[in-house]
Every structure is written in C-alpha cells, then in structure tokens.
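> After the structure tokens below, expect a handful of questions from me.
Number of protein chains: 2
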Amino acid sequence: MSDTAIQTLKNMLAHLDDAKKYQSLRDVMETLNAPDLAAVFEDLPQEKMPVLFRLMPKDLAAEVFAELSPETQEALIQGLSDRELKLVIDELFVDDATDLVEEMPASVVKRILAQAAPDTRKMINELLKYPEDSAGGVMTTEFMELRPDMTVRQAMDAIRKNGIDKETINNCYVTNADRTLVGVVSLRSLVLEKDEDRRIDDFMDTNVVSVTTSTDQEQTSHLFEKYGLLAVPVVDGEKRLVGIVTVDDAISILQDEADEDIAKMSAMAPTDKPYFRRSMWDLYKSRAPWLLFLMVSATFSSMVIRSYEDALAAVTVLTAYIPMLTDTGGNAGSQSTSTIIRGIALGEIHGRDLPRVLWREFRIAILCGGTLAICNFVKLLVFDHIAVPVAAVVCLTLVLTVLISQLLGTLLPVTANRIGIDPAVMASPLITTIVDTTTLLVYFNIARVILHL
Amino acid sequence: MSDTAIQTLKNMLAHLDDAKKYQSLRDVMETLNAPDLAAVFEDLPQEKMPVLFRLMPKDLAAEVFAELSPETQEALIQGLSDRELKLVIDELFVDDATDLVEEMPASVVKRILAQAAPDTRKMINELLKYPEDSAGGVMTTEFMELRPDMTVRQAMDAIRKNGIDKETINNCYVTNADRTLVGVVSLRSLVLEKDEDRRIDDFMDTNVVSVTTSTDQEQTSHLFEKYGLLAVPVVDGEKRLVGIVTVDDAISILQDEADEDIAKMSAMAPTDKPYFRRSMWDLYKSRAPWLLFLMVSATFSSMVIRSYEDALAAVTVLTAYIPMLTDTGGNAGSQSTSTIIRGIALGEIHGRDLPRVLWREFRIAILCGGTLAICNFVKLLVFDHIAVPVAAVVCLTLVLTVLISQLLGTLLPVTANRIGIDPAVMASPLITTIVDTTTLLVYFNIARVILHL
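See below:
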C-alpha cells in the first residue's frame, strides 16, 4: 500500500473512532493486511493505540503487533492490561516473541515473561541463548515433526492435530526417537500421495540441506537462494533438530545485508530503519564519524602535495590533473573492491583464490588503464594543448594508478576477511582515500623523472 | 556445498564414469541436490555431459537442467537426441522453459519449440509476450485454481487430481467462472479445516495482494518482503488470474537488484554472472566505459583549476587541501545519494517528498559540515601550522561543500527518478565527479575573497 493510501486509511479510522462507530471500525480493519495496519499504528497517537488494537480479532492483532517497530510495540504494551498482553504473547510465534524480549527495556521484558505461558517462556529462554545473528538466533522452535515409521495417514492425522500452532507445515521434518534429523517431507507430497498406508521413510527426501545453531544468519539465508527453499532446519552439535528458519526471515536478512553493504560503500554506519523513521541525531551519528575519519585520513595526501610543492610550482599545470587522477584511481579501486566484497559475501570468492583473483585483476587493470591512457593522451594534446612530456607524465600515472588501485582494491578486502574483519569496511570511501596518496606519490615521482624537476 | 566439495565430487564422478560404474554413478547422483549437481555440470567437458545427464531420473534431470547457465544448457542440448530433449522440456516448469527459449540462439529455440507439447508451446508463447522484467515475464502459468463454491473435500480432490503439475500448491487461488481472482486459500488451512463440507468462500482470504502482468518485477518482489508471502497472483487488465510469481524467483530478483545497485555505485555496468564465470572481455566491458566517461567528466575540474592557476601560484599551500576537500565532498554526496536511491528503490521515498527530504538533508549537512570544519580548523592551526585566514578558507569551504554535495546528492536522484531515468545512475562515482567541480569553484572563490587574490 502506498503512503497516500495509508494516510487515507488513517483519516478514515480516526473519523470512525471519533464517531465511536466501533463495529464499522472493526469491519474495516478486518479487510486489511497486517503490514498495512501496522503502518497505520506507527503514526497513531499513543492513547489511540489500545482502543483500535482491542477491536481486532486476536490472530490479526498478534500479526499486526509482530510487524510494529520496537518503539511502537513498547508504547502499545504500556496501554494494554496484563490480560490483554497475555493474549498477544500467546498468539505470537515464539521467534517473534523472542525478538520482542530482545528489543524491550528490562521492565517491559519482566512483564512479558510474567504473562507468557510456562512452555512459551521456556522456548523464549532457549532461543535467547543463541547469538542474535546466528541461525539459532533467528529460528523458530514451532515446526512440524514426524517419525519415519509413520504412514501417510498417521502423518496427516498428526498434522491435523498439531499443525495449527506451527509457523509452517508446508515442510515437515522427519526425526528419529533421539530427535536426529533424518529427512524432510513436504505437505504437498503427503497430500498428493495416493497410498495412504505408505510409510514416510519410503518417500521422504533424505538429502536435507540443514544448518547448525551457530551458522551465520547470512550464510543461512544464501542457502534459500541457492536451493530455492521455503525453510531450513537447524540442528545442534549432536545433529538433533532444534528449530527451523523460514523464508520470510531469510528475505529480510538478505535485504538487510544488501542495505548494510550499500551503507558501508557510501561511508555510512548501517541502520535498519526506513529513511523517515530516522531522527536527525540517528542520521548525524551514522554519517559524521565516517566523514571525519576519512577527512583525517586525507591528511596523507596533503602531506604528499606539500612535500612536492616545488615541483608543482615549477610546472603549475600538473595541479590541474590531480582531481582527475585521484578520482580515476578511486573509481578503479572501488570497482575491484566492491566486486571482491560482494564475491566474498555471496561465497563466490575465498581466501585461497587470492593469487587467481590478483592475476585476473592485474590483466583487467592493464586493459582498462591502457584504454584510459590512450584516450587521455589524445585529449591532452588535441584539446588541452599540453606539451608531450607532461601528457606522458599524466598518462603513465593513469596506467599505474589504475593498476595499483585495482590490486589494492583486491588485496585489502581479501586480507581483511582473512584476519576476521568484515571486508566491507574496505569499501569505496576508504579505498578512495588510500588510493589518493599512492596516486599522488606515483604522479610526482614520474614527473620528477620525466620532467627532470 | 563449498567449491572444494564440488571439486571432490567432480573427481569422484569422473572416476566412476571412466570405470563405467554407471549404477554407482546413478546412486551417487540421486543423493545430491540439483544446484550442487548443476555446479558439477558447469565444469564438465562437453562430451561427458549427455552420459551423466541420461543417468539421472527425469525429474532430477529437469531440475538440474533449470539450474544450469545458458552456455551449459546450450552445450548439453547439442548432445541430446530429440526424444531426450522432449523429455526435459516436458518436465520443466513453463517459466523455466520460457527463460530457456529467451536465452538460446534461434536454431536451438526452433528445436525446443518443435519438441514441446502443443499446450506447453502455447503457454511459452503466451509468456514470451510480456517484457522480461515485468511480473508477466517472470510468472508461471502452472498454479492451482479452485472455485468459491467448492467444499473442502471437493477442493482436496481437485488438488490431488491436478496438483502434481503445478509449481506450488501451498497457496491455491479461488476464481469465478470468468477467471476473476476472488480469494486465496492455503493448503495448510484446507488440511487443518475440520469440516470437510465447508465451502471455500466461507473461509478463503478475500484480501489478496496481487499484481498485474505489467507490474515491474522488482516492485513485485518487494511485496514478498513486505507481506511475507510465498507467491503473488498476477492478473490481467480485466482482473482475470493469468499466473503467479513464486518466492524463489522473488529472492533471485531482489538479490540481482541489490547487485545491480552495488555495481552502479562502484562505476560498473551490472552483470548477473558470478565473478569467476565472467571472461576478461566481460569484466573489461563492464568497467572501462565507466572509467572513461568519468575521466572525461573530470575535465571540468581541470578547467576550474587551470583558470585559477594564478591564485594557486600565489598561495601554493591551497593545493595541498584539494584532495581532502574533493574527497569529503564526494563522500558527503555519496551518503545522501545512496540513502535516496535505496529509499526510492524500497518505496520509502517518493517524488512529492522532495521538499521534506531536502529540508532534512539541509539540516544534517549543516551539522556534519560544522563538525568537520571545527575539527579541521583546530588541526590546521595546531598540527599543520597554517595561517588563520587560509585555515578559514579551507574550513568555510568544507561547510559549503558538504552542504552543496548533500543537496545535489538528494536533488539529482529524485529528479532522475521523476523524469523516468534510473536514479542509481546518479550513484557515488558520478556525484563525486560533479561535486569535484563545485567544490573547487567554492574553494577558489572563497580564497579570492578572504585572501584578496
């Protein structure tokens, strides 16, 4: 739904609420999707929230609640009675309830855990043990479990009996008595199976793609893309099935990861809030430190220029090409570095590929640098009317700059990754700053030799 | 599966093949996932492909085939008899078959269409009519359709009868006799429904999120993220259901989109091939034109510097801060521009928000620029021992540069979007080049006024 539609909806709900037309209000809300209703709640004054919230049927209410931002969840909880809060917690899937506990301040967490049913509380505490960015941290424990010796009929009975509480039953997981994962069977294949007495282990898929609780959440999400999955089972150290990660969570993780990479490539600290939800202070905090750090790093380029002031004074035209050279170096470095960063993130490039990657980037750099140098040489002579030796200095620098930049742009993220630093910190802005200094050093040294300064 | 595992597997299959142990080869292949087997096929010599391919059961063979790169598909097709090709096409989902027809050269397409069953051929021709990047272009026509007046029992019978050929039956779509979409019902809710005589229209979800055939594929994919869907129905101009887009396709589209944004932000033409599959020529073609274009654009900054050569000669120390100032401008511009580009892509920012966005970016820019200027002023006086008027020139330029850069970084992508150009072309590299020139103009003009040059 677009912003305008949300706005119209908000006005409509406000009018119905003011006129106390609660039945119509309820009817209207039931026709809407949870994410759209959540968008309306985000902008509601705090005192209006509980009234509207109470009007929704409890499953819809829980769905809307799970979609709210932590700030709005907190505001809404303050307006709910303990009994109402209990109803919401009961309806929430346990992974959403765990996220809630992770986001709320201590006093609210205490209220939530006090209202949760004992087994929900146990599952939440179980899930809280895993790091937030691991498969264990994002999984849900509400999956459908079957036994290998069940027949199709028994399996369908089990699903009808227990399926209602599960986050998904499209895939059911087959485990032994000791809970080790032995196979997966889709609801589709159960429904389509003609022989109701056929045993599950006769046609289940035993070749299950699974992860462990400690697998990184991004690595887990890439499996969905690679294998076209709807859910991935999560096993513990003893291969026992402890949870599943579903495709909707995987999509959010993949999108957050891409946003994070893009933020880092643009000299910003990553954030997961939409643009208009960020405060001035949020935006300032994510931008100013990086600008400051990069500005201070640029000190080296100033130092290089100041130590070659005499050369510049002798051939002042050299100054004119400084931005062009440093920009080209920065662009060439960004190309390599973002190719490598994305390759590492998608699992296409590994540490041991370094020699192979360097050799590729070396050849590309020579080709690109050569093309630029030739075009630029012609331009400098024909349009800028520069003397041949000066043009030679600029163009030789171009080739070397592209070469050094693309090699540094390859080496730095791979090295960062090897020593356990996120390769994305080596993204464009930092590479640009590093490359500036090397470009200037190359430029002035070539000038010194060719122009005898 | 990691590259090393693929390598081990390849050696194993090669050995079994050389020893003509075909039964073991078949057994081994059946334990593997289609994407992993596809990775093995990618590196196989062409003459080995048909032998291995024939050994697989036909449904696995079709799955593997759909995962192959177009080059490998073409090579494999050349080794298959017409009868074998027919078997593959029959097993392929119609959206994968359509992709195949779109990618193959004309002679191969002719063979494929000749072997396809008449109704498959009709569906392929139907799908080929839609633009490749629209919902119509990525949808499949193999969905499960139900009628509103069916009972649960009738619906389950229909699914058992026709479900096997459908790409997914986890969601079934409810249509009227004229095929207008009226609701959606999940296989889950059908299975869990206790009353087998209950009519579908009594509990189906009538609030269906759908798209039209012409909806952009990226917009379609964002709906999966927003609403947590497994499939989205696609309707034509008369609201008749013509196909569905499934979540696995949506994930690929979202990832390709992120890759595309990252490529454009790093001055590269986007590509959808993994790093090591790209040839030297591919890499060169995606990088050199952008480097060249940006290099030529940098001509303006050279022109500015050359026209202020006298001022620079008079106060040579000004040169030393050129890279720092242009880099900071570039970084500040990138921050705004990538925030805006991503905001537009995710549907958070629209054209009419421009005044609001500009006002936010204006305030952030003043805050960031102010912070930088103060820090830099102290640094210039204490560490660089620069005269106060020169330091003032540098720091005033800093504030103005950050301001102009962030405003341009906001204005350009929004404007591009308004006039129908992809806002991502305004990403970091181009902004950096544009901002260089404005930074230098500001710098020299402030210097002229304050230092009376």
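Protein sequence lines, in the order shown, are assigned to chains A and B.
Going by this note's numbering, 149 is the number at position 148 of the first sequence; the sequence numbering is gapless.
Going by this note's numbering, 259 is the number at position 258 of the second sequence; the sequence numbering is gapless.
Note that the Cβ used here is the ideal one computed from N, Cα and C, for glycine as well.
Remember, predicted model here, so these are calculated numbers, not experimental data.
Taking DSSP's pairing of strands, which residues face threonine 213(B) in a bridge?
In the DSSP output, where bridge partners are listed per residue, threonine 213(B) has Val236(B).
> I want to verify the contact list: residues of chain A whose CB lies under 7 Å from the CB of glutamine 336(B), in sequence order.
Going along chain A in sequence order, the residues near glutamine 336(B) (Cβ under 7 Å) are Ser267, Ala268, Met269, Arg288.
> Buried or exposed, going by whether 16 or more other CB atoms sit within 10 Å of the CB of alanine 315(A)?
So alanine 315(A) counts as exposed.
> Excluding the 5 residues preceding and the 5 following tyrosine 309(B) in the sequence, name in chain order all residues of the same chain whose CB lies nearer than 7 Å to its CB.
Counting only Cβ-Cβ distances below 7 Å, and skipping sequence neighbours, we find Phe445.
> Since arginine 173(A) sits in a beta bridge, which residues does DSSP pair it with?
The sequence given here places cysteine at residue 173(A); arginine does not occur at that position. According to DSSP, which records beta bridges pairwise, cysteine 173(A) is partnered with Val186(A).
> For the stretch 245–267 of chain B, which residues have a beta carbon sitting closer than 8 Å to at least one beta carbon of chain A?
Listed by position, the residues of the stretch 245–267 of chain B near chain A (Cβ gap below 8 Å) are Val248, Asp249, Ala251, Ile252, Ser253, Leu255, Gln256, Ala259, Asp260, Asp262, Ile263, Ala264, Met266, Ser267.
> Along chain A, which residues have their Cβ under 9 Å away from the Cβ of phenylalanine 1(B)?
Not covered by the structure: residue 1(B). The range shown for chain B is 2 to 454.
> Mapping DSSP to helix, strand and coil, what is glycine 410(B)?
Note: glycine 410(B) maps to helix in three-state DSSP.
> Using the rule of at least 16 other Cβ atoms within 10 Å of the residue's Cβ for burial, across every protein chain shown, is glutamate 64(B) buried or exposed?
So glutamate 64(B) counts as buried.
> According to DSSP, is glycine 421(B) helix, strand or coil?
In this structure, glycine 421(B) counts as coil in the three-state DSSP scheme.
> Measuring CA to CA, which of Lys240(B), Tyr276(B), Asp250(B), Trp291(B) is closest to lysine 265(B)?
It is Trp291(B) whose Cα lies nearest to the Cα of lysine 265(B).
> Take valine 52(B) as the anchor and find which of Pro390(B), Gln24(B), Ile350(B) has the nearest alpha-carbon.
Per the Cα distances, Gln24(B).
> For glutamate 226(A), which of helix, strand or coil comes out of DSSP?
Helix at glutamate 226(A).
> Residues in its own chain within less than 8 Å of valine 443(B) by CB, not counting five upstream and five downstream?
So the list reads Thr398, Leu401, Thr402, Ile405, once near-sequence residues are dropped.
> Quick check: the Cα distance between valine 109(B) and arginine 241(B), rounded to an integer number of angstroms?
When rounded, the distance between both Cα atoms is 33 Å.
> Grab me the residues of serine 339(B)'s own chain with a C-beta within less than 7 Å of its C-beta, minus the 5 sequence neighbours each way, in chain order.
Same-chain partners within the cutoff: Met266, Ala428, Ser429.
> Does the beta carbon of glycine 164(B) sit closer than 8 Å to a beta carbon anywhere in chain A?
Yes, contact with chain A.
> Does the Cβ-Cβ distance between lysine 274(A) and aspartate 262(A) come in under 8 Å?
Cβ atoms of lysine 274(A) and aspartate 262(A): not closer than 8 Å.
> Quick one: list the residues of chain D neighbouring asparagine 177(B), beta-carbon separation under 9 Å, in chain order.
Judged by its chain identifiers, the structure shown contains no chain D, and its protein chains are A and B.
> Using a Cβ-Cβ distance under 8 Å, would glutamate 146(A) count as near chain B?
So no, glutamate 146(A) is outside the interface.
> Rank Leu255(A), Lys286(A), Ser298(A), Ala259(A) by C-alpha distance to the C-alpha of alanine 1(A) and give the top, closest one.
There is no way to answer for residue 1(A), as the model of chain A reaches only from 2 to 454.
> Within the 8 Å Cβ cut-off, does alanine 393(B) reach chain A?
No, no contact with chain A.
> Distance check for lysine 59(B) and glycine 80(B), CA to CA, integer angstroms please.
Near 16 Å, if we compare the C-alpha coordinates of lysine 59(B) and glycine 80(B).
> Count Cβ pairs between the stretch 127–142 of chain A and the stretch 177–194 of chain A that sit closer than 8 Å; are there 3 or more?
Segments in contact, no.
> Can you name the residues that DSSP bridges to valine 246(B)?
Per DSSP, Val233(B).
> Run down chain B in chain order and give the residues with a C-beta less than 8 Å from the C-beta of serine 429(A).
Within chain B, the residues near serine 429(A) are Met266, Ser267, Ser335, Ser429.
> For proline 356(B) and chain A, any beta-carbon pair shorter than 8 Å?
It does not: the Cβ of proline 356(B) has no partner Cβ on chain A nearer than 8 Å.
> Would you call the CB atoms of serine 482(A) and alanine 268(B) closer than 8 Å?
Residue 482(A) falls outside the range modelled here, since chain A spans only 2 to 454, and no answer is possible.
> When you compare the stretch 295–303 of chain A with the stretch 316–329 of chain B, are there three or more beta-carbon pairs, one atom per stretch, that lie closer than 8 Å?
With a cut-off of 8 Å, the stretch 316–329 of chain B and the stretch 295–303 of chain A count as touching, because enough Cβ pairs lie within range.
> If the cut is a Cβ gap below 7 Å, which residues of chain A does aspartate 328(B) touch?
Result: Leu295, Ala299, Thr433, Thr434, Asp437.
> Report back the beta-carbon spacing between leucine 408(A) and glutamate 362(A) to the nearest angstrom; my notes put them in contact at under 8 Å.
With 8 Å as the limit, leucine 408(A) and glutamate 362(A) qualify as a contact, their Cβ atoms being about 6 Å apart.
> Just verifying my parser: in three-state terms, what is the DSSP assignment at aspartate 429(A)?
Note that residue 429(A) corresponds to serine in the displayed sequence, not to aspartate. Looking at serine 429(A) - three-state DSSP - the assignment turns out to be helix.
> What separation, rounded to the nearest whole angstrom, lies between the Cα atoms of alanine 115(B) and isoleucine 201(B)?
About 40 Å.
> Restricting to Cα atoms, I'd like to know which of Leu452(A), Ala251(A), Arg27(A) is closest to lysine 227(A).
Comparing Cα positions, the closest option is Ala251(A).
> Of all Cβ atoms in chain B, is any one closer than 8 Å to the Cβ of isoleucine 447(A)?
With 8 Å as the cut-off, isoleucine 447(A) does not count as an interface residue toward chain B.
> Consult DSSP for aspartate 198(B) and reduce its assignment to one of helix, strand or coil.
DSSP places aspartate 198(B) in coil when its eight states are reduced to three.
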